[in-house]
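All remarks here apply to the structure that follows.
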Amino acid sequence: MIEVILSELGEGVTQATVSYWHFAEGEHVDEGVDLVELATEKATFNLPAPASGTLKNVYFDEGEVVKVGSILAVIE
Amino acid sequence: MKLLDRNPPWLVKRLYNTENFVQMKSILKHYKLKTVCQEALCPNISECFSQGRVTFLILGNRCSRRCGFCFVKQGSSLEFNPEGEIVNIAEMVRMLDLKHVVLTSVTRDDLPDKGAGHFARVVREIKRIKPTITVETLIPDFGAEENLIGGVCRSGVDILNHNIETVPRLYPLVRPQADYLVSLNVLKLAKEFGSLTKSGMMLGMGETDSEVLDVFGDLRDVGVDILTVGQYLKPGRDNLEIEEFIVPEKFEFYKKVAYNIGFKHVSAAPFVRSSYAADEILEQIKSQGIFSNRQPL
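See below:
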């Protein structure tokens with residue numbers, strides 16, 4: 000089980016809004032593919048999947064604000 | 000599923016969630032050094048830091064000007080320690096065994112020499128400890144004073160960058176304390192002092208095609224060798240609004256036109272910033288046989 004963590008975004012950026020999940024819970028993801036899109040005040044980022052597996056437990060829906068350091072989802 | 004305002008797909012940057020990114024930040028903190036990457040919330044930061052690329056921000060982290068696009072803090076640089084900065088940059092260059100260094104700074108109109116002397120001293124120290132290194136300086140305008148520009152050029156700088164930023168019509172909004180002709184003169188003087196010169200523009204601030212092409216022409220007229228063109232992104236609530244998202248095809252068009260009028264290297268794409276992949280640009284310039292490593296005079 001691998002946790003998808005939002006570890007860093009940039010200096011002084013402490014949170015981001017989940018703007019798009021490229022996959023839904025239960026779908027298979029490959030390591031390195033764009034998993035979730037996150038919007039900050041200045042820019043929008045795609046966070047790649049840290050491992051291959053099934054996307055489980057998406058903890059933040061689109062539109063929700065996530066703090067740096069949070070677990071976004073779990074890949075099993 | 001909730002529909003949100005999303006950036007166009009070409010303005011979504013991949014996040015490099017790597018240990019190197021985190022490590023680079025802690026090294027910078029250790030040496031008490033600032034980077035424009037951090038101070039300006041650069042969207043490329045995770046990519047660049049992961050690859051060991053940084054652009055040092057010297058002369059403190061408070062700017063004496065208030066440009067509409069910029070996120071760097073305004074005010075007086077009380078914490079600035081010139082000697083410490085020189086020693087620490089040199090030490091970091093040595094420790095990371097950097098091959099190419101980019102230095103930029105806040106504008107320091109409050110200093111008698113506007114900070115030009117400090118730029119030159121940092122470059123000289125870097126070249127002293129590692130003569131094979133290449134150094135690029137992205138300088139403020141120094142009022143286009145010949146002796147100040149000359150002092151930086153003679154310090155061993157390999158590429159002298161000064162950003163024109165936008166079209167002259169938008170200067171009162173974008174760079175209210177700057178002057179388009181002064182900036183062109185900075186680049187002209189640097190060329191006369193024998194530097195390879197570089198400049199950059201941000202697009203999406205309301206400029207027209209023909210205004211952009213006029214700026215390209217002006218830059219070539221003063222001999223600018225390297226051009227960077229990227230999309231302006233609004234870094235904070237109080238900054239200028241984005242007027243337009245420039246499509247990638249338009250960047251390709253500008254790139255083609257810029258090459259046609261004689262620039263030796265052109266980077267034009269949404270996430271291009273003035274020091275983005277600066278080392279790769281230099282490698283490309285070297286392959287054209289028009290580069291020789293400069294040493295302090």
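Here the protein sequences line up with chains V and X, keeping their order. Residue 46 in numbering that gives the first Met the number 0 sits at position 47 of the first sequence, with consecutive numbering throughout. Residue 274 in numbering that gives the first Met the number 0 sits at position 275 of the second sequence, with consecutive numbering throughout. Cβ atoms here follow ideal geometry from the backbone N, Cα and C, with glycine treated the same way.
Around the C-beta of residue i, are 16 or more other C-beta atoms found within 10 angstroms, so that it is buried, or is it exposed?
i, result
"asparagine 19 of chain X", "exposed"
"methionine 94 of chain X", "exposed"
"alanine 23 of chain V", "exposed"
"methionine 246 of chain X", "Rather than methionine, the amino acid found at residue 246 of chain X in this sequence is valine. With fewer than 16 other Cβ atoms within 10 Å, it is exposed."
"isoleucine 70 of chain V", "exposed"
"serine 198 of chain X", "buried"
"lysine 24 of chain X", "buried"
Could you have a look at residue i and say whether DSSP puts it in helix, strand or coil?
i, result
"lysine 126 of chain X", "helix"
"asparagine 160 of chain X", "strand"
"glutamine 314 of chain X", "For chain X, the structure presents residues 0 to 296; residue 314 of chain X sits outside this window and is missing."
"leucine 71 of chain V", "strand"
"asparagine 45 of chain V", "strand"
"lysine 28 of chain X", "helix"
"valine 246 of chain X", "coil"
"glycine 76 of chain V", "What is shown of chain V runs 0 to 75, which leaves residue 76 of chain V out entirely."
"glutamate 40 of chain V", "coil"
"aspartate 208 of chain X", "helix"
"isoleucine 138 of chain X", "coil"
Let me check understanding here. Comparing Cα to Cα, which of the options lies closest to residue i?
i, options, result
"threonine 196 of chain X", "X/Val181, X/Asp224, X/Glu210", "X/Asp224"
"serine 209 of chain X", "X/Lys249, X/Val71, X/Arg174", "X/Lys249"
"glutamate 282 of chain X", "X/Gln22, X/Phe68, X/Ser45, X/Lys98", "X/Lys98"
"valine 57 of chain V", "V/Thr16, V/Leu37, V/Val73, V/Val17", "V/Val73"
"glycine 74 of chain X", "X/Leu58, X/Ile138, X/Val21, X/Met91", "X/Leu58"
"histidine 161 of chain X", "X/Ala177, X/Met91, X/Gly155", "X/Ala177"
"aspartate 217 of chain X", "X/Phe262, X/Arg64, X/Thr133", "X/Phe262"
"isoleucine 125 of chain X", "X/Thr103, X/Asp140, X/Glu242, X/Gly155", "X/Gly155"
"glutamate 63 of chain V", "V/Ser18, V/Gly52, V/Asn45", "V/Ser18"
"valine 181 of chain X", "X/Lys190, X/Val134, X/Ile163, X/Leu172", "X/Ile163"
"valine 122 of chain X", "X/Pro139, X/Asp157, X/Arg219, X/Leu188", "X/Asp157"
- Item | Whole alpha helix (DSSP H) elements within the region 167 to 194 of chain X, 4-residue minimum | 170 to 173, 179 to 191
- Query: So, do the region 97 to 113 of chain X and the region 263 to 272 of chain X have three or more beta carbon pairs nearer to each other than 8 Å?
  - Reply: Three or more Cβ pairs closer than 8 Å define a contact, and the region 97 to 113 of chain X falls short of that threshold against the region 263 to 272 of chain X.
- Query: Does the region 137 to 154 of chain X come close enough to the region 111 to 123 of chain X to have 3 or more Cβ pairs within less than 8 Å?
  - Reply: yes
- the region 38 to 52 of chain X contacting the region 22 to 38 of chain V, beta-carbon criterion three pairs below 8 Å: no
- Could you give the uninterrupted runs of the alpha helix (DSSP H) lying entirely in the region 44 to 101 of chain X, keeping only those of 4 residues or more? 44 to 49, 81 to 95
- How do the region 4 to 16 of chain X and the region 68 to 77 of chain X stand: do at least 3 beta-carbon pairs fall below 8 Å, yes or no? no
- Query: For the 8 Å Cβ check, are there 3 or more pairs between the region 165 to 172 of chain X and the region 138 to 148 of chain X?
  - Reply: no
- What runs of the beta strand (DSSP E), each 3 residues or longer, lie entirely inside the region 254 to 288 of chain X? 264 to 267
- Query: Given 8 Å as the limit, is there contact between the region 1 to 18 of chain V and the region 35 to 47 of chain V, that is, 3 or more CB pairs closer than that?
  - Reply: yes
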